[in-house]
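First the structure, in the form of structure tokens, and then the observations on it.
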Amino acid sequence: MGRPVAIVGSGQTRHGRRFDVSYPELVKEAVDAVFENTGISPQDIDGVVSGTMPSMMEGVALTHFYFADVLRSVGKPILKTETCGSTGVSLAITGYYWIASGLADLVLVVGSEKMNEGDSQATMTTVVEPFYQRYFIAGAPGVFSMQCQEWSNRFGIPEDKVREAATRITIDHHNDAFDNPYAHIKKRLTPDEVNNARIITYPIRLWDVCPNSDGACAMLFASEKMAKKLGLKSAWVKGVGYSGEEYWFGDSEKAIWQCAIDAARQAYDMAGIKNPRKELDVAEVYNPFTYQEMLYYECFGFCGFGEACDLVLQGVFSREGELPCDPSGGTLCTNPIGATGLNRVAEAALQVTGQAGAHQIPGAKLGLAHAMGGVDQFNGVMILGSE
Amino acid sequence: MQKDYNTLENIIRLPHKYAAGPIFTRFYDGLRAGKILGSTCPNCKKVLVPARSFCPQCHANLDEFVEVAQEGEVVSWAYSDKEFFGSPGKPPFITALIRLDGTGCNFLHLLGGDGLNTLENVQAKVKKGTRVKVVWNEDKIGRMLDIKYFEPVS
Ligand SMILES: [Zn+2]
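If you're matching them up, the sequences are chains V and S in order. Following our numbering, the numbering of the first sequence begins with 1215 at its first residue and continues without gaps. Following our numbering, the numbering of the second sequence begins with 1375 at its first residue and continues without gaps.
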């Protein structure tokens, strides 16, 4: 175990189609926000961690060099972390390692994506090699459709029940997004609208899928000594977990999804969590697709396998439920991929420090943040506490 | 409404020559000859397909090829009727994981034929466990799409 690590602040941009600013200007918005929100001076940071999904998304390979000025990194060490969809949580874990190791006292961590500038679906094809998978994995929806089917078959969940629960999730999250000033898509949806929306890849329909968002998120990670000196409301990193599986999609099971189970278990063990549904007050689960959110509930031990649909329909994971999940609206409403996982961490930190505003879960003290990367290949989890 | 400023259009086109290595070269040669080649792990005894140079679970080196069955069962599928960048032909596309008989992993490819041209037909004809068999393209060039698709066994 390393030294204790605190998150002393965050800054998010407005998300959406951000053709009003260039990519570095977008990143600057988040960086300026975190310094403004905390009153910390950029010259006090010891180093910078930055990352995007695949750099191919915006056609600039070394984004951390491109952003050197806006990241306030001139004269300081800079690292890049890039793990596809899980980049944001990996960025947070990188910042955590740096502070926990004792080699830095204050680190700026920044995730960003400008998905609307390129062709995000075409970019997805470059995530995989050209020999085998690139022919068939031309974007995320197909992969998640197959995973959803594997899951509902494995546990014998009727298709109409899965649909009903997914519909509940998307309606709830799009409502929740109204209370999150940074959310991209805010919409009051009706069940009919969701159930009859156009098919993206069956069984996934339009409102089951996250949007293409432009946005950035910046956070400051600090040592205990630094956090005390700063005297800011701080979230403390109680546990981290990251786990992956074989590269080829067909090599491992995705219903009882080992890397998701293991990432959560690592983080729970470190945080001393035995019963996550009881002990956690809030969870920011990476939910680019409605169906996948339910699969995570099961893999993270929020409920037993095959139970998530019933519990969703009972409201267990909604805002007023036993374990509120994605009160920010989550990835489903806002997905600037390289920033998305960091948004989950930032949201969990806002929750456990009582700073989440209109979507605050009253009294939240222990939160989970999560992101997934690759062709259902890697999962990362971070647990944050109020002390 | 916010003001939109100028945008600059730029296309990056980068040629690559990817080395397939001995195993994928042989696997592609197999496809050209109408065979699907896998590898058997001497340690865990799993038959892995496509063939590979080592077992991803036990890290045993694999250098022997086995021809695997051209029939198997559907594990899961996804249906899309939109053409997209890099799509393997004309829509609709039914991507599927298929467990070829006797193998120990799922093979990723397409479903087709037998009236599988609408979502309704796919829903009616394809379930988990539906038996499917390979349909080859007439012109085989030693690439993944030498297999046209897998169609339900009637
Ligand atoms: Zn083996």
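Built from N, CA and C at the ideal position, the CB exists for glycine as well.
Interface flag, residue i vs chain S, CB-CB below 8 Å
{"i": "GLU1364 of chain V", "result": "yes"}
{"i": "GLY1588 of chain V", "result": "no"}
{"i": "ASP1246 of chain V", "result": "no"}
{"i": "SER1359 of chain V", "result": "yes"}
{"i": "GLY1273 of chain V", "result": "yes"}
{"i": "ARG1348 of chain V", "result": "yes"}
{"i": "GLU1512 of chain V", "result": "no"}
{"i": "ILE1413 of chain V", "result": "yes"}
{"i": "TYR1416 of chain V", "result": "yes"}
{"i": "PHE1463 of chain V", "result": "yes"}
{"i": "PRO1238 of chain V", "result": "no"}
{"i": "PRO1576 of chain V", "result": "no"}
{"i": "PRO1268 of chain V", "result": "no"}
{"i": "THR1339 of chain V", "result": "yes"}
C-alpha distance - residue i paired with residue j, whole-angstrom precision
{"i": "SER1427 of chain V", "j": "ALA1407 of chain S", "result": "46 Å"}
{"i": "THR1337 of chain V", "j": "MET1271 of chain V", "result": "6 Å"}
{"i": "ARG1286 of chain V", "j": "ILE1399 of chain V", "result": "31 Å"}
{"i": "ALA1477 of chain V", "j": "ASP1513 of chain S", "result": "46 Å"}
{"i": "ALA1220 of chain V", "j": "GLU1438 of chain V", "result": "7 Å"}
{"i": "PRO1355 of chain V", "j": "LEU1446 of chain V", "result": "41 Å"}
{"i": "SER1457 of chain V", "j": "GLY1516 of chain S", "result": "35 Å"}
{"i": "LYS1492 of chain V", "j": "VAL1595 of chain V", "result": "18 Å"}
{"i": "ASP1386 of chain V", "j": "SER1532 of chain V", "result": "7 Å"}
{"i": "ASP1422 of chain V", "j": "GLU1378 of chain V", "result": "12 Å"}
{"i": "VAL1288 of chain V", "j": "GLY1543 of chain V", "result": "35 Å"}
{"i": "GLY1489 of chain S", "j": "ILE1521 of chain S", "result": "18 Å"}
{"i": "SER1448 of chain V", "j": "ILE1487 of chain V", "result": "20 Å"}
{"i": "THR1414 of chain S", "j": "ARG1400 of chain S", "result": "15 Å"}
{"i": "GLY1518 of chain V", "j": "ASN1380 of chain S", "result": "52 Å"}
{"i": "ALA1314 of chain V", "j": "ARG1217 of chain V", "result": "4 Å"}
{"i": "GLY1463 of chain S", "j": "LYS1401 of chain V", "result": "36 Å"}
{"i": "THR1166 of chain V", "j": "CYS1432 of chain S", "result": "Residue 1166 of chain V falls outside the range modelled here, since chain V spans only 1215 to 1601, and no answer is possible."}
{"i": "TRP1451 of chain S", "j": "ASP1406 of chain V", "result": "25 Å"}
{"i": "PRO1256 of chain V", "j": "ASN1480 of chain S", "result": "51 Å"}
{"i": "LYS1499 of chain S", "j": "ASN1491 of chain S", "result": "11 Å"}
{"i": "LEU1598 of chain V", "j": "ALA1318 of chain V", "result": "20 Å"}
{"i": "TYR1311 of chain V", "j": "MET1215 of chain V", "result": "10 Å"}
Extent of the continuous beta strand (DSSP E) to which residue i belongs
{"i": "SER1450 of chain S", "result": "1445 to 1454"}
{"i": "ARG1505 of chain S", "result": "1505 to 1510"}
{"i": "ASP1428 of chain V", "result": "1428 to 1437"}
{"i": "GLU1327 of chain V", "result": "1320 to 1328"}
{"i": "LEU1598 of chain V", "result": "1592 to 1599"}
{"i": "ILE1515 of chain S", "result": "No beta strand (DSSP E) contains ILE1515 of chain S, which DSSP labels as neither H nor E."}
{"i": "PHE1481 of chain S", "result": "1481 to 1485"}
{"i": "THR1381 of chain S", "result": "Taken as a continuous stretch (DSSP letters only), THR1381 of chain S belongs to no beta strand (DSSP E), as it is neither H nor E."}
{"i": "ILE1414 of chain V", "result": "1413 to 1415"}
{"i": "PHE1524 of chain S", "result": "1521 to 1526"}
{"i": "MET1586 of chain V", "result": "1580 to 1587"}
{"i": "SER1224 of chain V", "result": "1219 to 1226"}
Min CB distance residue i to chain V below 8 Å
{"i": "TRP1510 of chain S", "result": "no"}
{"i": "PHE1428 of chain S", "result": "no"}
{"i": "LYS1419 of chain S", "result": "no"}
{"i": "PHE1459 of chain S", "result": "yes"}
{"i": "ASN1495 of chain S", "result": "no"}
{"i": "VAL1449 of chain S", "result": "yes"}
{"i": "LEU1471 of chain S", "result": "yes"}
{"i": "ASP1513 of chain S", "result": "no"}
{"i": "CYS1432 of chain S", "result": "no"}
{"i": "TYR1523 of chain S", "result": "no"}
{"i": "ASN1480 of chain S", "result": "yes"}
{"i": "ASP1520 of chain S", "result": "no"}
C-beta atoms of residue i and residue j nearer than 8 Å
{"i": "ILE1259 of chain V", "j": "LEU1322 of chain V", "result": "yes"}
{"i": "ASN1412 of chain S", "j": "VAL1440 of chain S", "result": "Asn is not the amino acid found at residue 1412 of chain S; the sequence shown has Gly there. It is a contact, given that the beta carbons lie within the stated cut-off."}
{"i": "ILE1292 of chain V", "j": "LEU1444 of chain V", "result": "no"}
{"i": "ASN1501 of chain V", "j": "LEU1556 of chain V", "result": "no"}
{"i": "GLY1453 of chain V", "j": "ALA1430 of chain V", "result": "no"}
{"i": "VAL1248 of chain V", "j": "THR1295 of chain V", "result": "no"}
{"i": "HIS1584 of chain V", "j": "ASP1390 of chain V", "result": "no"}
{"i": "GLY1503 of chain S", "j": "GLU1447 of chain S", "result": "yes"}
{"i": "GLY1486 of chain S", "j": "TYR1523 of chain S", "result": "yes"}
{"i": "VAL1324 of chain V", "j": "ALA1481 of chain V", "result": "no"}
For residue i, the first and last residue of its enclosing alpha helix (DSSP H)
{"i": "THR1414 of chain S", "result": "From DSSP, THR1414 of chain S is part of no alpha helix (DSSP H) but of the beta strand (DSSP E) over 1411 to 1414."}
{"i": "TRP1365 of chain V", "result": "1354 to 1368"}
{"i": "TRP1462 of chain V", "result": "Per DSSP, TRP1462 of chain V belongs to no alpha helix (DSSP H) and is neither H nor E."}
{"i": "SER1334 of chain V", "result": "1334 to 1339"}
{"i": "GLY1404 of chain S", "result": "1395 to 1406"}
{"i": "LEU1556 of chain V", "result": "1551 to 1566"}
Which residues end up in the neighbourhood of ligand 1 when you take C-beta atoms closer than 7 Å to any of its heavy atoms? S:CYS1415, S:ASN1417, S:CYS1418, S:LYS1420, S:CYS1429, S:GLN1431, S:CYS1432, S:ALA1434
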